[in-house]
């Protein structure tokens with residue numbers, strides 16, 4: 020358990036209400052704000068990946084809970100232009116979703 024989490028819990032458990040954190044102070048605590056920032060960026064990427072996968076014919080009949088599991092296992096990897104992800108005749112061990120980013124570079128999501 021992180022020191023920031025321990026600090027928050029200690030501050031919430033103070034018996035004296037004048038020294039105890041208010042609800043607003045709890046929401047502004049570094050442990051909460053850091054977790055919220057990480058979760059929101061992560062959730063946005065997960066949702067985007069989920070919607071992408073859901074559109075593929077292979078996954079249209081798959082249970083959403085299974086798709087969520089697949090989505091959570093994806094990792095983003097940068098792709099250098101001209102780099103091979105897999106070549107003809109090679110055995111694939113992962114799923115690859117390749118797309119262009121805003122700056123026209125490529126990024127790949129790998130699940131395996």
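Numbering (this note's numbering), first residue to last: 20 to 131.
All C-beta atoms, glycine included, are put in the ideal place defined by N, C-alpha and C.
Return the chain-ordered ranges of every alpha helix (DSSP H) run that is complete within the segment 61 to 98 and spans a minimum of 4 residues.
83 to 91
Go to residue 106, then tell me how far its alpha helix (DSSP H) extends in each direction, as first and last residue.
If you number the chain shown from 1, residue 106 lands on position 87. Note, residue 106: premise wrong, no alpha helix (DSSP H); not H, not E.
Do you know how far the Cα of residue 32 is from the Cα of residue 82?
Working through the chain shown from its first residue, we reach residue 82 at position 63. Working through the chain shown from its first residue, we reach residue 32 at position 13. Their Cα atoms are separated by approximately 42 Å.
Can residue 65 and residue 73 be called in contact, C-beta distance under 8 Å?
As a working mapping, residue 65 is identified with position 46 in the chain shown. As a working mapping, residue 73 is identified with position 54 in the chain shown. Result no, Cβ atoms of residue 65 and residue 73 do not sit closer than 8 Å.
Looking only at C-alpha atoms, which of 110, 68, 45 and 47 sits nearest to residue 88?
Your numbering for residue 88 matches position 69 in the chain shown. The candidate whose alpha carbon is nearest that of residue 88 is 68.
Straight-line CA distance for residue 78 to residue 51?
Taking the chain shown and counting its residues from 1, the one referred to as residue 78 is at position 59. Taking the chain shown and counting its residues from 1, the one referred to as residue 51 is at position 32. One C-alpha to the other measures close to 35 Å.
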